[in-house]
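Take a look at the structure below.
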Amino acid sequence: MIELIGIDKEYRAKDRIVTALQHINLTVEKGEIFGVIGRSGAGKSTLLRCVNLLERPTNGKVLVGGQDLTSLKEGELQKERKRIGMIFQHFNLLSTATVEQNIAFPLKLSKLPKKEIAAKVASLLELVGLSQHRKQYPSQLSGGQKQRVGIARALASDPDILLCDEATSALDPQTTESILELLKDINTKLGITILLITHEMGVIRAICDRVAVMDQGEIVEVGDVLDVFLKP
Ligand code: ADP
Ligand code: ADP
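Residue numbers for the sequence shown follow the working numbering, beginning at 1 and rising by one.
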């Protein structure tokens with residue numbers, strides 16, 4: 001579902017070049033929950049943002065569902081990006097919009113009839129358990145509820161893939177557990193492939209099938225979660 005082939009990423013800072021990714025090769029299969037773990041600065045966020053080309057790799061190819069996204073023009077890329085949802089550590093919600101407006105936002109851009117948008121938003125609210133909160137603003141919600149809004153918004157365009165950027169790092173352990181359960185549900189019931197990055201081993205153990213370990217811009221190990229973490 002996702003293939004990263006020979007990816008390098010360099011950032012040009014003022015007086016120097018930062019190598020964030022080196023020789024990354026990674027395949028994530030359809031239906032998998034795949035985790036990338038590593039310390040801060042290892043390159044996890046850059047790797048994730050290369051999948052939907054929020055960052056453009058310096059070298060290499062990004063294939064999603066067999067299609068080379070790196071070869072697309074901006075207009076075509078916008079279309080393909082609808083197949084890839086994303087959620088964030090700090091949720092990135094619109095603070096001046098209600099829960100339902102936040103979720104409807106990507107649909108408003110899609111020119112769907114109003115009735116269909118309303119029905120879609122209602123079913124997403126139900127999926128993430130926020131039907132009672134649909135008229136509230138983000139500031140009136142707990143962290144876990146905000147992330148549920150983020151998840152519903154990410155699913156609004158019916159993506160095949162969900163990218164999760166430290167999605168539970170701002171949450172307490174109990175809330176983390178409930179959000180991970182929701183992600184697992186979404187993976188199982190909707191068949192959505194999940195690629196997540198985290199610095200927390202517990203997240204990987206809780207829901208991932210396979211894991212890649214990153215250090216200094218490189219993948220230093222990859223395999224089934226049990227194999228990677230049970231090794232001496
Ligand atoms: P992680 O997500 O594992 O913390 P990042 O991908 O955020 O790692 O960062 C990898 C490296 O790239 C770090 O050295 C970071 O400082 C650097 N970096 C990330 N984004 C930028 C940027 N926009 N400009 C310059 N350097 C960056
Ligand atoms: P995260 O919490 O996802 O790891 P970071 O704190 O690494 O986020 O980065 C936040 C933003 O700052 C990102 O857009 C990243 O690209 C940028 N950034 C990270 N490191 C640097 C850096 N050394 N120089 C410039 N921008 C950076």
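Don't be surprised by glycine CBs; every beta carbon is placed ideally from N, CA and C. All of these numbers come straight from a predicted model, not from anything done at the bench.
(request) Can you give me the start and stop residues for the beta strand (DSSP E) that residue 189 sits inside? (result) That residue, residue 189, is in no beta strand (DSSP E); its alpha helix (DSSP H) goes 173 to 190.
(message) For residue 153, tell me which candidate among 23, 166 and 126 has the shortest Cα-Cα distance.
(response) 126
(request) Find out if the Cβ-Cβ distance for the pair residue 100, residue 134 is shorter than 8 Å. (result) yes
(message) Does the structure place the segment 5 to 23 close enough to the segment 170 to 177 that three or more beta carbon pairs sit under 8 Å?
(response) no
(request) Check the DSSP bridge columns for residue 214 and list the partner residues they point to. (result) 219
(message) At a cut-off of 7 Å, would you count residue 18 as near ligand 1, judging by its Cβ distance to the nearest heavy atom?
(response) yes
(message) Between 148, 77, 41 and 157, which has its C-alpha nearest residue 110's C-alpha?
(response) 157
(request) Specify the secondary structure class of residue 1 as computed by DSSP and reduced to three states. (result) coil
(request) Enumerate in chain order the residues of its own chain whose CB-to-CB distance from residue 178 is below 8 Å, with the five nearest sequence positions on each side excluded. (result) 144
(request) Note the first and the last residue of the continuous beta strand (DSSP E) segment covering residue 109. (result) Per DSSP, residue 109 belongs to no beta strand (DSSP E) and is neither H nor E.
(request) Compare the beta carbon distance of residue 1 and residue 30 with 8 Å and say whether it is the shorter of the two. (result) yes
(message) Quick test of the definition: if touching needs 3 or more C-beta pairs under 8 Å, does the segment 208 to 221 touch the segment 32 to 41?
(response) yes
(request) Determine the extent of the beta strand (DSSP E) in which residue 164 is found, giving its start and end residues. (result) 161 to 165
(request) Compare the beta carbon distance of residue 248 and residue 203 with 8 Å and say whether it is the shorter of the two. (result) Past the edges of the chain, shown from 1 to 232, lies residue 248, and the structure says nothing about it.
(request) From the DSSP output, in three-state form, read off residue 29 for me. (result) coil
(request) Kindly list the residues whose CB is nearer than 6 Å to the CB of residue 224, restricted to its own chain and excluding five residues on each side of it in sequence; keep chain order. (result) 210
(message) Just to confirm before moving on: does the CB-CB distance between residue 159 and residue 85 stay below 8 Å?
(response) yes
(request) Buried or exposed for residue 130, please, with buried defined as at least 16 other CB atoms from any protein chain shown within 10 angstroms of its CB. (result) buried
(request) Determine the direct distance from the alpha carbon of residue 107 to that of residue 120, and round the result to whole angstroms. (result) 9 Å
(request) Tell me, please, which residues DSSP counts as bridged to residue 86. (result) 163
(request) Report the option in 73, 8 and 146 whose CA atom is closest to the CA atom of residue 91. (result) 146
(request) Whole angstroms is fine: what's the gap from residue 114's alpha carbon to residue 75's? (result) 25 Å
(message) Quick check on the DSSP output: the beta strand (DSSP E) that includes residue 226 runs from which residue to which?
(response) No beta strand (DSSP E) contains residue 226, which is instead part of the alpha helix (DSSP H) from 225 to 230.
(request) Check each candidate in 62, 123 and 95 and name the one with the smallest Cα separation from residue 80. (result) 62
(request) Using DSSP bridges, identify the partner residues of residue 68. (result) 63
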